[in-house]
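Asker: For the sequence shown, this note's numbering begins at 63 and goes up steadily by one. Ideal Cβ placement from N, Cα and C applies to all residues, glycine included. As the structure is a computational prediction, the values presented were derived from the model and not from experiment. Sharing a structure, written as structure tokens. Questions coming.
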Amino acid sequence: MKRALIVGAGIAGLATALRLTRDGWHATVLERAPALRTGGYVVNLIGLGCDAADRLGLLPALRRHDLGLITTVLVRADGRPKFTVPSAVAEATVGPRALTVFRGDLETVLHEAVREVADVRFGVTTTAVDQDPSRVRAQLSDGTTEEVDLLVGADGLHSATRAALFGDGHRVDLPYAVGAFPLTPPVIGVPERSSVTFIGAGRTAGVMNFGPHRTSAFFAYRTGDPSAELARGPLPALRAAFGDLGGGPAGALSTEPEDVYFDAVSQVVMPRWSDGRVVLIGDAAWCVTLFAGHGAGLAMTGADRLGAALKDHSTVPEALAAWEAGLRPETVKRQAMARRGMRQFAPPSEFHVRLGDLALRAMTLPGIRTLVRRGVERANR
Ligand SMILES: Cc1cc2nc3c(=O)[nH]c(=O)nc-3n(C[C@H](O)[C@H](O)[C@H](O)COP(=O)(O)OP(=O)(O)OC[C@H]3O[C@@H](n4cnc5c(N)ncnc54)[C@H](O)[C@@H]3O)c2cc1C
């Protein structure tokens, strides 16, 4: 039986374990965190991501967590409504093959599918890795050693596997910071099945109420010094950047959430994703950022295709090269789309905010919506 060691029990790592064990591999997954990270922002699985979830057999479980699409109320800085965008517009922008789930629910569904078939170890990571043409040897932080046919670095944007085995300097930092957290109870002024969203020059804030215990806040803003923002800490930084707002965002920022996602926005650009029997996958290899809206989908697509390539090729290095050649164009396309999409989350000026408003208003017209839907379907093919 071939053996794989997977570093990181996020979406990419768990999906890889699921696919490889289906193909007869023995998989061990190491997760640095003491337990599954259930906190969450909302992710859309669109097109390829939905197809990968289907091939991995996850669709029935994911459908039970599907939050569906909601109405968006665009608001002014003081919280007064500007106009309402019906859920049909969101439907047009994601296309027909789409699921909306909390990231934590996606990880839970993956973990439930994986835990019976793979060895998932929390609170453990690698401390040293070396390889020869026939094996990879890894020393683990629990004092044990693993000898495997394949080591998969699925340890996210700040991948230690990437730094240790491929060196530093593959992160391209964009001038933005992003924060997101779940909320209980819901925020006053954000009706059920709606999102209250403020889009201003250089920043976006939204509070999404998908129903009881299903509220989530999201903040993205432009900053010349993302590291200084991170050093401030999530809530002080978000309150400084959005403290002047009223309405839903103010309500969200007045709470003391425990589980806040807060990070700089970076892409990962690497000349190669593998070396011998070591491969990177997901954000560790090609982070496209939240501005692309396809990171989770690409992580699952990558995992599914990695399994297929390993099945189709007689040696691991050949399989990894073929897998990368097939997948790289999609990640390059999504990274380019993310760089263009940044303007939607942080328009450069008030003029661009007004242009964005006009575009959203136009999309409430059925004819324009149909054109948008067709464009999205082409992009997600
Ligand atoms: C606000 C926001 C909204 C988003 N919206 C969408 C969306 O709508 N659609 C979409 O498709 N994508 C979206 N994304 C992107 C998506 O969440 C990521 O691309 C995806 O989670 C990447 O998965 P991953 O498994 O590669 O990395 P991660 O999710 O970062 O998982 C990495 C795992 O590795 C673990 N780890 C880290 N270091 C080590 C170590 N040294 N040893 C062991 N374990 C380690 C971590 O604890 C973590 O569990 C969004 C992202 C953000 C921030």
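Does the distance from the C-beta atom of Ser-257 to that of Val-240 stay below 8 Å?
Answerer: No.
Asker: Is it the case that the CB of Asn-106 approaches a heavy atom of ligand 1 more closely than 7 Å?
Answerer: Asn-106: yes, Cβ under 7 Å from ligand 1.
Asker: Restricting to runs no shorter than 3 residues, where is the beta strand (DSSP E) found entirely within the segment 175 to 200?
Answerer: Segments of the beta strand (DSSP E) lying fully in the segment 175 to 200: 181 to 184, 188 to 194.
Asker: What are the partner residues of Gly-215, as DSSP defines its beta bridges?
Answerer: For Gly-215, which the question treats as bridged, DSSP gives the partners Val-69, Leu-342.
Asker: Between which residues of its own chain and Arg-436 is the CB-CB distance below 7 Å, once the five residues before and five after are set aside?
Answerer: The answer is none, since no qualifying residue turns up.
Asker: Any idea which residues DSSP pairs Asp-235 with across the strands?
Answerer: BP columns for Asp-235 point to Ser-328.
Asker: Am I right that Tyr-238 and Ala-282 are in contact with their C-beta atoms under 8 Å? What's the rounded C-beta distance?
Answerer: Their Cβ separation, rounded to whole angstroms, is 6 Å, which keeps Tyr-238 and Ala-282 in contact under 8 Å.
Asker: Identify the residues that DSSP records as bridge partners of Tyr-103: which are they?
Answerer: DSSP output for Tyr-103 lists no bridge partner at all.
Asker: So, Ala-358 versus Ile-343, is the Cβ gap smaller than 8 Å?
Answerer: Not closer than 8 Å, so no.
Asker: For Gly-264, which option in Leu-236, His-127, Ala-383, Thr-285 has the closest C-alpha, if you only look at C-alpha atoms?
Answerer: Of the listed residues, the one whose Cα sits closest to Gly-264 is Thr-285.
Asker: Assuming Ala-312 and Leu-245 make a contact with CB atoms under 8 Å, what is their CB distance in whole Å?
Answerer: Rounded, the Cβ-Cβ distance is 13 Å, inconsistent with contact.
Asker: Please identify the residue among Met-404, Ala-139, Ala-387, Gly-338 whose C-alpha is closest to the C-alpha of Thr-377.
Answerer: Nearest of Met-404, Ala-139, Ala-387, Gly-338 to Thr-377, Cα basis: Gly-338.
Asker: With a Cβ-Cβ cutoff of 8 Å, do Met-362 and Ile-68 count as a contact?
Answerer: No, the Cβ-Cβ distance between Met-362 and Ile-68 is not below 8 Å.
Asker: Go to Pro-298, then tell me how far its alpha helix (DSSP H) extends in each direction, as first and last residue.
Answerer: 296 to 304 is the extent of the alpha helix (DSSP H) around Pro-298.
Asker: Tell me whether Phe-413, by its Cβ, gets closer than 7 Å to a heavy atom of ligand 1.
Answerer: Flag unset: Cβ of Phe-413 not near ligand 1.
Asker: In three-state DSSP terms, what is Ile-132?
Answerer: Correct three-state label for Ile-132: coil.
Asker: Compute the minimum distance between the beta carbon of Glu-93 and the heavy atoms of ligand 1, and state whether it is under 7 Å.
Answerer: Yes.
Asker: Report yes if the C-beta distance between Ala-279 and Phe-324 is below 8 Å; otherwise report no.
Answerer: Cβ atoms of Ala-279 and Phe-324: not closer than 8 Å.
Asker: Starting from Lys-64, trace the beta strand (DSSP E) in both directions and tell me its first and last residue.
Answerer: First-last for Lys-64: undefined, no H or E at that position.
Asker: Applying the criterion that 16 or more other CB atoms from any shown protein chain within 10 Å of the CB defines a buried residue, is Ser-336 buried or exposed?
Answerer: Buried, because 16 or more other Cβ atoms sit within 10 Å of the Cβ of Ser-336.
Asker: Rounded to whole angstroms, what's the CA-CA distance from Ala-441 to Leu-420? Just pull it up for me.
Answerer: Looking at the two C-alpha atoms, the distance is approximately 23 Å.
Asker: Cβ of Val-240 versus every heavy atom of ligand 1: is any distance shorter than 7 Å?
Answerer: For ligand 1, at least one heavy atom lies less than 7 Å from the Cβ of Val-240.
Asker: Look up Gly-241 in the DSSP assignment and give the residues it is bridged to.
Answerer: According to DSSP, which records beta bridges pairwise, Gly-241 is partnered with Phe-281, Phe-324.
Asker: Quick check on the DSSP output: the beta strand (DSSP E) that includes His-88 runs from which residue to which?
Answerer: Per DSSP, His-88 belongs to the beta strand (DSSP E) from 88 to 93.
Asker: Could you name the residues that DSSP lists as bridge partners for Ile-108?
Answerer: Answer is Ala-160.
Asker: Determine the contact status of Ala-200 and Leu-212, defining contact as a CB-CB distance below 8 Å.
Answerer: Going by C-beta atoms, Ala-200 is not nearer than 8 Å to Leu-212.
Asker: Among Val-147, Val-331, His-127, which has the Cα closest to the Cα of Arg-165?
Answerer: That would be His-127, whose Cα lies nearest to the Cα of Arg-165.
Asker: Glu-36 and Gly-157: beta carbons closer than 8 Å?
Answerer: Lying before the first or after the last residue shown, residue 36 is absent from the chain, which here runs from 63 to 443.
Asker: Return yes when at least one heavy atom of ligand 1 lies under 7 Å from the C-beta of Phe-432, else no.
Answerer: What sits at residue 432 in the sequence shown is Thr, not Phe. Not under cutoff, so the answer is no.
Asker: Determine the direct distance from the alpha carbon of Arg-401 to that of Leu-82, and round the result to whole angstroms.
Answerer: Their backbone Cα atoms lie some 33 Å apart in a straight line.
Asker: Consult DSSP for Glu-169 and reduce its assignment to one of helix, strand or coil.
Answerer: In the structure shown, Glu-169 sits in a helix (DSSP, three-state: H, G or I).
Asker: Do Val-186 and Leu-92 count as a contact pair if the criterion is CB distance below 8 Å?
Answerer: Yes, the Cβ-Cβ distance between Leu-92 and Val-186 is below 8 Å.
Asker: Measuring only from the beta carbon, is Ile-10 closer than 7 Å to any heavy atom that is part of ligand 1?
Answerer: Coverage of the chain is limited to positions 63 through 443, which leaves residue 10 absent and any answer about it impossible.
Asker: Among Ala-424, Arg-423, Val-341, whose alpha-carbon lies nearest the alpha-carbon of Asp-217?
Answerer: Considering only alpha carbons, the answer is Val-341.
Asker: May I ask you to report which of helix, strand or coil DSSP gives Pro-33?
Answerer: Nothing about residue 33 can be reported from this structure: the residues present for the chain run from 63 to 443 only.
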